[in-house]
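Here the protein sequences come in this chain order: P and F.
Take 1 as the starting number for the first sequence in the UniProt record's numbering and just add one per residue.
Take 1 as the starting number for the second sequence in the UniProt record's numbering and just add one per residue.
There are 2 protein chains.
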Amino acid sequence: MGETFDPATLRFNEAGLIPAIAQDHATGEVLMMAWMNAQSIAETLETGQVTYWSRSRAAFWRKGESSGHVQRLHELRYDCDADCLLLMVTQTGPACHTNRRSCFYRAVRDGEVVELMAPLTE
Amino acid sequence: MGETFDPATLRFNEAGLIPAIAQDHATGEVLMMAWMNAQSIAETLETGQVTYWSRSRAAFWRKGESSGHVQRLHELRYDCDADCLLLMVTQTGPACHTNRRSCFYRAVRDGEVVELMAPLTE
């Protein structure tokens, strides 16, 4: 028997937010990092569709609501300090607003910036 | 020809920090999330050993310096907004201070907390 998950045990920052890493459940690819608040976590667990909190817009960000590039939650994990989330997701289409599969499409190699993937064409 | 990487293009927060996700280069496992400042990034790129900035101790945190559980940098990546890093690493021993392979050892399943991995025994 596990203990009941209590979102109040999570450690939010002074703005009431916690970072959330989205990882592709099937491939292990890290897709993006964004922020959640208590309500977006509750909504994500309830609906199974990932909802972030947009700091720039100061509004809920139901991932894929306009683009269709939704993230279906497979599992929510959290770390030892309870101050970071890891979302195992199934990503429809690209995760990145640049139309790339992952937001982490740039690498530093020998001091130079290398682009790891091109935007998807649909 | 790529462009030269300029750390000044990264977007640090008001405390001069940027979140850094460490991912096992070989297995794809997400190991931990911690913070870096400009100097810890420079040191990490220069030495190939990952150095974070500890917010609680307000000091450089040379990962594994006391435990021996070092992270060798394979590649530094960053996201579309340049406000999050993804470190592809080779992890010696457990990444987590609880002696688990990954800090993300707890999952929420059907409203309960499930432990995904036990501490390593050495």
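C-beta atoms are modelled at their ideal positions from N, C-alpha and C, and glycine is treated no differently.
Where residue i falls, given that 16 or more other Cβ within 10 Å makes a residue buried
i                      : result
residue 11 of chain P  : exposed
residue 44 of chain P  : buried
residue 39 of chain F  : exposed
residue 55 of chain P  : exposed
residue 67 of chain P  : exposed
residue 101 of chain P : buried
residue 119 of chain P : exposed
residue 79 of chain F  : buried
residue 58 of chain P  : exposed
Residue i: contacting residues in chain P (beta-carbon distance under 7 Å)
i                     : result
residue 97 of chain F : 80
residue 28 of chain F : 28
residue 21 of chain F : 21, 30, 33
Boundaries (first-last residue) of the alpha helix (DSSP H) holding residue i
i                     : result
residue 44 of chain F : 38-47
Per-residue contacts from residue i into chain F (C-beta, under 7 Å)
i                      : result
residue 111 of chain P : 4, 5
Nearest-angstrom Cα separation, counted from residue j out to residue i
i                      : j                      : result
residue 28 of chain F  : residue 87 of chain P  : 14 Å
residue 18 of chain P  : residue 35 of chain P  : 6 Å
residue 37 of chain F  : residue 108 of chain F : 32 Å
residue 41 of chain P  : residue 5 of chain F   : 35 Å
residue 25 of chain P  : residue 81 of chain F  : 23 Å
residue 99 of chain F  : residue 76 of chain P  : 21 Å
residue 13 of chain F  : residue 105 of chain F : 27 Å
residue 70 of chain P  : residue 97 of chain P  : 12 Å
residue 83 of chain F  : residue 112 of chain P : 18 Å
residue 60 of chain F  : residue 73 of chain P  : 35 Å
residue 103 of chain P : residue 94 of chain P  : 9 Å
residue 33 of chain P  : residue 22 of chain P  : 6 Å
residue 51 of chain P  : residue 65 of chain P  : 9 Å
residue 16 of chain P  : residue 121 of chain P : 37 Å
Residue i - DSSP class collapsed to helix/strand/coil
i                      : result
residue 8 of chain F   : helix
residue 19 of chain F  : strand
residue 117 of chain P : coil
residue 66 of chain P  : coil
residue 52 of chain P  : strand
residue 29 of chain P  : coil
residue 81 of chain F  : coil
residue 58 of chain F  : coil
residue 107 of chain F : strand
residue 14 of chain F  : coil
residue 95 of chain P  : coil
Proximal residues of chain P, C-beta to C-beta of residue i below 8 Å
i                     : result
residue 76 of chain F : 107, 108
Where the beta strand (DSSP E) containing residue i begins and where it ends
i                     : result
residue 76 of chain F : 71-78
residue 85 of chain P : 85-91
Under 9 Å by beta carbon: chain P residues contacting residue i
i                     : result
residue 32 of chain F : 79, 80, 84
residue 12 of chain F : None at all; the shortest Cβ gap to chain P is about 15 Å.
residue 45 of chain F : 108, 111
7 Å Cβ cut-off: residues of chain A touching residue i
i                      : result
residue 114 of chain P : Judged by its chain identifiers, the structure shown contains no chain A, and its protein chains are P and F.
Contacts of residue i in chain F (Cβ-Cβ under 9 Å)
i                     : result
residue 60 of chain P : Correct list: empty, because the minimum Cβ distance to chain F is about 19 Å.
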